[in-house]
Each structure stands twice: as structure tokens, then as C-alpha cells.
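Q:
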Amino acid sequence: MRIGFLNPQGNFDPTDSHWTEHPDFGGQLVYVKEVGLALARLGIEVDILTRRIKDPDWPEFSEPVTHYDSERERLRIVRIPCGGDLFLAKEALWPYLKEWVAGIARFYDSRLPDFFTGHYADGGYAGVVLKQQYASGFTFTGHSLGAQKLDKLDMNPANSKALEARFHFSRRIAAERLSMREASRIITSTGQERVEQYAHPLYASAVDSGNDERFAVIPPGVNTRIFCTEPGPADQAVAASLADRLPDLERPRIVISSRLDEKKNILGAVRAYCDSAVLRQRARLALYLRDVDDPFGQIQNLPPGERSVLEPILHLIDGSGARGDVDFVNATSQQILAASYRFFAQRGSVFVLSSLYEPFGLAPIEAGACGLAVVATRNGGPSEIFADGSGVLVDPANPAAIAEGIAQALTDHAGYAERIHQRVYSTYTWERTAESYLAAIETGCRSTRTMRSNSIALDASVRLKRYLARRGE
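According to numbering that gives the first Met the number 0, the sequence shown is numbered sequentially starting from 0.
1) Reducing DSSP to helix, strand and coil, say where Y287 ends up.
2) Report yes if the C-beta distance between A402 and D274 is below 8 Å; otherwise report no.
3) Quick check on R477: does DSSP put it in helix, strand or coil?
4) Look up W99 in the DSSP assignment and say whether it is helix, strand or coil.
5) Tell whether a beta-carbon distance below 8 Å holds between F137 and F106.
6) Just to confirm before moving on: does the CB-CB distance between L28 and W18 stay below 8 Å?
7) Thinking C-alpha only, which one of S109, L111 and S143 is nearest G123?
8) How many whole angstroms separate the CB atoms of E305 and L259, which I take to be in contact at a CB cut-off of 8 Å?
9) Which value, in whole angstroms, describes the spacing of the CA atoms of A120 and R170?
10) Reducing DSSP to helix, strand and coil, say where F4 ends up.
11) Under DSSP, the alpha helix (DSSP H) around R465 begins and ends at which residues?
12) Short of 6 Å in beta carbon distance, which residues of its chain neighbour E70, apart from the five on each side in sequence? Order them along the chain.
13) Of all the options A438, I364 and P251, which has the alpha carbon lying nearest to the alpha carbon of T410?
14) Using CA atoms only, rank isn't needed, just tell me which of G380, V237, A125 and F359 is closest to T331.
15) For L241, collect the residues of the same chain with a Cβ closer than 6 Å to its Cβ; drop the 5 residues on either side in sequence, then sort them by chain order.
16) For K160, count neighbouring Cβ atoms within 10 angstroms of its own Cβ and tell me buried if that reaches 16, exposed if not.
17) I need the DSSP call for V45, collapsed to helix, strand or coil.
18) Please identify the residue among P230, I172 and Y356 whose C-alpha is closest to the C-alpha of V206.
19) L392 by DSSP, collapsed to three states: which one?
20) So R252 is in the alpha helix (DSSP H); what residue range does that whole segment cover?
21) Rounded to the nearest angstrom, how far is the Cβ of V351 from that of I405, given a contact under 8 Å?
22) Going by other Cβ atoms of all chains shown within 10 Å of its Cβ, with 16 needed for buried, is D420 buried or exposed?
23) Do you know offhand how far P398's Cα is from P22's?
24) Mapping DSSP to helix, strand and coil, what is E357?
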């Protein structure tokens, strides 16, 4: 069997060039790469189909075909040109997706892969076009949906023209609706994602979020080659660096490692620590800040958005007299991050994720895979991940509840660490993700689901205007 991953935005190469440096080079690419590699290890032939770029500013993506060294025989990165040679952000790709699909057909000389899996709205729409023109089947993984983004941006009749010009929501919503309607299965990371996101009014009549036959809940995995309890190549150097910089090495740490974003509610977790004499007596706080060693002296080096999140945190630490109880850790790579987790896990430490809402929750799984006990928000994906008691779930809006959960995890660190470790390897590895994908794809191959859409035009402007008008009432 050959499976084609449809991912026109961003790009892929053997060294993961530009990942995390551009909005189109984020977690979606990690997901596609890891599922593709895991499927290849299962003996499946995989093509990751993306866009060919011949741009001096993006020189890594000019070759039509390349490979990952670990799976050269079964996995190819296939780059199909469309929309000219230069790099285009995902918002600019919509007019060229049919051209991209035509290029895919030419590449295979019309002998297409047995099945496709479309990622994000643009990859999903490519799946729709392939289904219409070649009767190819596909699954759809949205990763994020346009309806939630426009709500988050507070799109309304007054600002809709500007936001539409930037994000092309009318095209994105249309592509998502078509993808939901035509895919053999819609893949979500959690049941909560399915219920909350796909039930949005903008997707009414495209999909019924209560229809089990239309969905497959498949959690993403952890890279257990990096996030594990076995020492890695960076451990010795990381341990030496931490030992040289940090006081009270044998005391447990309360580990907070989230990006500086208000939604992550780092301030709530720091307040839980600063307000608790019990926690301050039992453990130190370890706050991870990328590219910053001393935030009190280097905060001006951060972008304004991150600075606005960090300033009240530092003010709270200073004002509560906890400055001497807080360590700042600068982890500049996943390898260093995992090594530091293992260092702190050996000292009975606890990882805390206090987001106001967390769609999935990969970070606490990564921490748990390295041996840390986990305290996580009860809002969102963690409520499913830790429903078995492998982590402590807390109300992120209540600092006292966060503190109580941390104390509970510190008291039974060994038990929680063992339970989350078992949970990771039973459910949250890329091998498990790939096995579930393969099951959904094999079901899709047996499906006789025909085209339901008379038109595949990318225009949901009327629907969007009606929604915004009702929302503003």
C-alpha cells in the first residue's frame, strides 16, 4: 500500500529546516513527519506531498524528491510545483491548489497512491479535488480550524474586511466544510476536539459531530527517541551545567515549561507556588525561558508580546519574596529540554501545565515520558489524557487548587511517574498513532462513499457574513 500525505504549506527536508521559525513550519509538520515515518516502519510506502520551492531565501526545498535517511526505502518527500517558484505563505496558496493537484497526477502518471490523508484546510481541499477528479479516498486532519481562529480574533462586521484580506477565512471555511463532507474519516486528537470544534455553527450541515462513523479519535505521539527515561547524548553536559548554576540540587523542582502566552496561565501556577508556604518549603520553582538566562536583567531582549506576559510573573516573584526560590532554565533544543527533565525527575520533581484551556496537551506527556510527575489543567485534552489517574487534574483558575495538586504529586512522585510512563507507552507513541491511522485508512479503502458536493468552489462568504451578523446581535 502507498499512502500520500497532502501538506502543501510549509515544507519538509532531512534536517527540518526552518521548523518553529515561521508560522507554516510548526507542530503540523512534526505530526506529518512522525506519522509518516512510523507508517514506513510498519512497512507502508509513504509519500509526503508538499510544494516545490525554488527561492534563494529557501534553498532547502528545490529538489523534486528527497528522503529521510532512516526510512529511505519507504518514505519520500515529493515536492510538486504550483503558484510559481517563490515561497508562499499558506494564506496565499488557495488559488493554486488545483494546479498542485494536477501536478500530483502528472507525477504519478495518473497511477495515484492507494489512499491520501489531507492535513489542514489546504491539504483537505486537495483531497476533495483528488476525490472529484480521480475517485481517490482520503482522511482529513484539520489540526486547527478556521472557525475557532476567527472567533479568537473577534471577527465582526466592522473588521471582517481586513481579517478576510489577511486570512482568507471565506476560502478556508469553504475548504474545511468540503473536507469534512467528503473525507472517509475526520481525525481528531481528542473527543473534546471533535465535540467542541466540529460542532461550530459554521460547519453546520457539513458534518454531524455526534456521528461516530465520521470520526476517528487518534492522539498524536511523543518522540520517545528523545523524550524517555534513558539518558541521551546531551544528558552529561546538561547535568553539569545545571549542577554548576543551581543551588540545592537535591531538592525537587516544580517545573513550568510553556511558551510565554497568556493562555498558558503561567502566572496562575507561579502564584500557586508563591502563595504556598508548604510548596516553598518542599520544592524550588524551575521556570523555563527560551534564549534567556536571567529574565530580571534580560527581559528587554524578549519580543513585546512575551515581555508583557513575563513582566507580571517577575513582579509576583519579586513581590512575594520568592526570587531566591526560583531557578530559570534556558533549554534551546528538544534534546536539552528532555535531558533537563530527566535531571529533575531523578530528584522527585513535578511538571505543571496550568493553561486556561489546552486543546491536546503534548507537553505534559513529554515530561511524563522523561520521569516527571504531572499536574495539568482539567480544561481540554488533559482531562482525557489523565482520566485514568496517571496525572493530577486541577482547576487552572484556582491557585490554591493548583498548589494542592502539586503537593499531591510531590507526595506520591514515584507512583504518578510510573503511571504516566505506562500511559505514554500504551497510548501516546507515534507507533500507536500510525497504527490507528492505518486502521482508519484501511476502513476508508473499503468505503463506497461517493462525492456529496455538487460544487467545490472555495467561497463561504455568504455563510460567513450571516454568522458574523448573528454573532453581533
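Ideal placement from N, C-alpha and C gives every residue a C-beta, glycine not left out.
A: Quick look at the numbers:
1) strand
2) yes
3) In this structure the chain extends from 0 to 472, so residue 477 is not present and cannot be described.
4) W99 falls in the helix class under three-state DSSP.
5) no
6) yes
7) S143
8) 4 Å
9) Straight-line Cα distance between these residues: approximately 9 Å.
10) strand
11) First-last of the alpha helix (DSSP H) with R465: S460 to R470.
12) Around E70: L36 and A39.
13) P251
14) V237
15) F342
16) exposed
17) strand
18) Checked all of P230, I172 and Y356; the closest Cα to V206 is I172.
19) Here DSSP, grouped into helix, strand and coil, assigns L392 to strand.
20) Run containing R252: none in the alpha helix (DSSP H); it sits in the beta strand (DSSP E), R252 to I255.
21) 6 Å
22) This sequence places His at residue 420; Asp is not what is there. By the neighbour-count rule (16 or more Cβ atoms within 10 Å), H420 is buried.
23) 32 Å
24) strand
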